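K.L.:
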Amino acid sequence: MSSRVFLVASPVAASSFIGVLVAFGAFAACVPTGSAPPYDAGPAPAQTSSFKASIGIMTAPFEDNFDRPDAGEALALPGDVSSRSLSIDAAVDAQRIVPINEAGSDVFSLLADAGADTTRARSPGNLGPDWVQMRTSAWRVENGQLCGENARNHGVWLNRTLPVNARIEFDAIAMSDDGDLKAEVWGDGRSFATGTSYTNATSYLAILGGWKNSMHVLARLNEHGTDRKEIRVDKDSDDPRQRAVVRGQLYQFKIERTDGKTIRWSVNGIEYLSWNDPSPLAGQGHDHFGFNEWEAKVCFDNVKVTPL
0 MSSRVFLVAS PVAASSFIGV LVAFGAFAAC VPTGSAPPYD AGPAPAQTSS FKASIGIMTA
60 PFEDNFDRPD AGEALALPGD VSSRSLSIDA AVDAQRIVPI NEAGSDVFSL LADAGADTTR
120 ARSPGNLGPD WVQMRTSAWR VENGQLCGEN ARNHGVWLNR TLPVNARIEF DAIAMSDDGD
180 LKAEVWGDGR SFATGTSYTN ATSYLAILGG WKNSMHVLAR LNEHGTDRKE IRVDKDSDDP
240 RQRAVVRGQL YQFKIERTDG KTIRWSVNGI EYLSWNDPSP LAGQGHDHFG FNEWEAKVCF
300 DNVKVTPL
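The sequence shown maps to residues 0 to 307 in numbering that gives the first Met the number 0.
Laid out in structure tokens, this is it:
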């Protein structure tokens, strides 16, 4: 005859045990994947049906101090631009990056007629293999810095795939009184302004001294959007965040996301703006970082991207 042992828990004990389970579940829900601590106790964002995990995500920090020779003269096109071999011989990745010269759009038209994909263009600016500028030759290495002028929101993208959580740090210098120090984070690595205004971005945009040095902005997808976060410049304010960008002064940017949903932007160690996004830009199409600007000359240096 076998014996059976039955454990009967009291209602109080059972209630306490259930409470522990509920508390543990709530704690686990607010901790993001990876080693980065959350900034708040809110739940991590749920992946929507449109989310697609990125491929080839960087796992080690990337650094670039642009310590290479200044850009030389623009590349000259071969004589026969009608040959399809032009785009094939010049290809350096799956997107068929092709060389351009200062003729700009005229060259793109010729290459397009030759069958080349001109969305991404390798520049004569000695940017190196890690940077790609979008349908422009406005970006180049000068005096050990990455500089752009008159890009008109045709930016330059880093050829690295970001994880959902990362820290992006760099130095930025405005070479005029107009400011306009702009970075794009968690974008598609290909987008550029298709009209006068950059309303078709794929990223978050951090802009220091935008709109003729009148405001600092953190925007999502549309830098002109009514939902953008902004700080108005006020020369009479004691708040350092309301100061205009000073020509020639170095500004240390840090933009990071550690909880899968909150973008935090600081300058010179002072937090400027943040964006807690219930529908975060992440995964394929939102996994690259780059620089942009309108007309004023700007320079960037000491880039460091750290996966978290």
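Just so you know, even glycine gets a beta-carbon here, dropped at the ideal spot from N, CA and C.
Note that the structure is a prediction, hence the values are computed from the model and not measured.
I'd like the span of the alpha helix (DSSP H) that includes lysine 211, first residue to last.
P.N.:
Looking at the DSSP string, the run of the alpha helix (DSSP H) that includes lysine 211 is 209-212.
K.L.:
Assuming alanine 137 contacts asparagine 149 under a Cβ cut-off of 8 Å, what Cβ separation, rounded to an integer in Å, is found between them?
P.N.:
Confirmed, Cβ separation roughly 6 Å.
K.L.:
Can you give me the start and stop residues for the beta strand (DSSP E) that tyrosine 271 sits inside?
P.N.:
Note, tyrosine 271: beta strand (DSSP E), 269-275.
K.L.:
So, is threonine 195 buried or exposed, given that buried needs 16 or more other C-beta atoms within 10 angstroms?
P.N.:
By the neighbour-count rule (16 or more Cβ atoms within 10 Å), threonine 195 is not buried but exposed.
K.L.:
Do asparagine 291 and glycine 154 have their CB atoms nearer than 9 Å?
P.N.:
Yes; because the gap between Cβ atoms is below 9 Å, this pair is in contact.
K.L.:
In three-state terms, what does DSSP make of alanine 189?
P.N.:
Position check: residue 189 holds arginine in this sequence, whereas alanine was assumed. Of the three classes helix, strand and coil, the one that applies to arginine 189 here is coil, per DSSP.
K.L.:
Please report how far the alpha carbon of arginine 219 lies from the alpha carbon of histidine 285, in whole angstroms.
P.N.:
Distance between the alpha carbons of arginine 219 and histidine 285 is about 11 Å.
K.L.:
With distances taken from CA atoms, which of Ala173, Arg134, Ile269 is nearest lysine 211?
P.N.:
Out of Ala173, Arg134, Ile269, Ala173 has the C-alpha closest to the C-alpha of lysine 211.
K.L.:
Alpha carbons only, please: which of Gly208, Glu62, Ser49 is nearest the one belonging to glutamate 314?
P.N.:
Because the chain spans 0 through 307 in this model, residue 314 falls outside it and cannot be assessed.
K.L.:
Once you ignore the five residues that flank aspartate 233 on each side, which residues in its own chain have a CB closer than 6 Å to its CB?
P.N.:
Excluding sequence neighbours, aspartate 233 sits near Gln241.
K.L.:
Can you tell me whether leucine 126 is buried or exposed, with buried defined as 16 or more other CB within 10 angstroms of its CB?
P.N.:
Buried, since its Cβ has 16 or more Cβ neighbours within 10 Å.
K.L.:
Please return the same chain residues whose Cβ sits closer than 8 Å to the Cβ of valine 297, not counting the five positions on each side in sequence.
P.N.:
If we look at valine 297 and ignore the five residues flanking it on each side, its Cβ neighbours are Cys146, Gly147, Glu148, Ala171, Ile172, Ala173, Met174, Asp179, Leu180, Lys181, Phe290.
K.L.:
Per the DSSP calculation, arginine 151 is bridged to which residue(s)?
P.N.:
Answer by DSSP bridge pairing: none, since arginine 151 is not bridged.
K.L.:
Between asparagine 275 and proline 128, what straight-line distance do the alpha-carbon atoms span, to the nearest angstrom?
P.N.:
Straight-line Cα distance between these residues: approximately 34 Å.
K.L.:
Looking at glycine 186 and threonine 201, is the spacing between their C-beta atoms short of 9 Å?
P.N.:
Contact flag set, yes.
K.L.:
Do leucine 307 and arginine 256 have their C-beta atoms within less than 9 Å of each other?
P.N.:
In contact: leucine 307 and arginine 256 (Cβ atoms closer than 9 Å).
K.L.:
Pick out whichever of Ile269, Arg134, Gly143, Asp238 has its Cα sitting closest to the Cα of proline 68.
P.N.:
It is Gly143.
K.L.:
Rounded to whole angstroms, how far is the Cβ of valine 244 from the Cβ of glutamate 229, which I believe are closer than 8 Å?
P.N.:
Contact flag wrong, Cβ pair sits at about 15 Å.
K.L.:
What is the DSSP secondary structure of proline 306, reduced to helix, strand or coil?
P.N.:
In the structure shown, proline 306 sits in a strand (DSSP, three-state: E or B).
K.L.:
Can you have a look at arginine 231 and say buried or exposed, based on whether 16 or more other CB atoms are within 10 angstroms of its CB?
P.N.:
Arginine 231 comes out exposed.
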